[in-house]
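Using the working numbering, you'd call the opening residue of the sequence shown number 18 and step up by one each time.
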Amino acid sequence: MREQGCRRLVRVTVNALGKSAFFPFTVLLNAVLSMTTKWQYYGESAIRASGIEYTIVRPPKLVDEERPADVHLRLTDRGESGPGLVPISRADVASLICEIYNHPAGANATLTCKWGKGAEGAQ
18 MREQGCRRLV RVTVNALGKS AFFPFTVLLN AVLSMTTKWQ YYGESAIRAS GIEYTIVRPP
78 KLVDEERPAD VHLRLTDRGE SGPGLVPISR ADVASLICEI YNHPAGANAT LTCKWGKGAE
138 GAQ
């Protein structure tokens with residue numbers, strides 16, 4: 018990566034990684050999709066241990082629709098997940114990745130993004 022001029026790896030995983038392994042949705046994903054959250058977690062851990070600068074983005078339910086006018090893009094850098102499957106558009110996730118790629122705050126960060134109302138973490 019470094020030889021090709023890429024200085025930061027961006028990985029999009031799943032919001033369920035911020036939840037307990039016993040959270041019903043996590044159990045369902047693991048049962049139906051061959052332990053998918055376990056492998057996502059291992060992938061994130063390998064990226065963190067690699068020494069390469071990274072940004073991990075954990076969106077919840079991805080949708081194709083545009084963000085409603087009364088809804089903000091909410092972002093946290095704690096890697097925590099919110100309640101339920103709050104939607105976010107694929108376009109918003111792509112925009113976030115483009116904005117955060119060169120931002121110093123995005124270095125070695127795990128970000129959770131979703132749509133929400135209110136001002137906390139709003140954009």
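Don't be surprised by glycine CBs; every beta carbon is placed ideally from N, CA and C.
These numbers come from a predicted model, not from an experiment.
When beta bridges are read from the DSSP output, P121 appears opposite no residue. Across the structure, P76 and H120 are spaced so that their CA atoms are roughly 19 Å apart. If you check the CB distance, R65 and Y58 do not come in under 8 Å.
CA-to-CA, the gap between W56 and T30 works out to about 10 Å. In the DSSP assignment, P104 falls within the beta strand (DSSP E) that extends over 104-106. Here G123 has R25, T72, I117 as same chain residues with Cβ atoms under 8 Å from its own Cβ, once five neighbours each way along the sequence are excluded. At a Cβ-Cβ threshold of 8 Å, S106 and V80 count as neighbours. As DSSP reads the structure, I73 sits in a beta bridge with R28, T127. For L113, same chain residues with a beta-carbon under 6 Å away, outside a window of 5 residues either side, are C130 in chain order.
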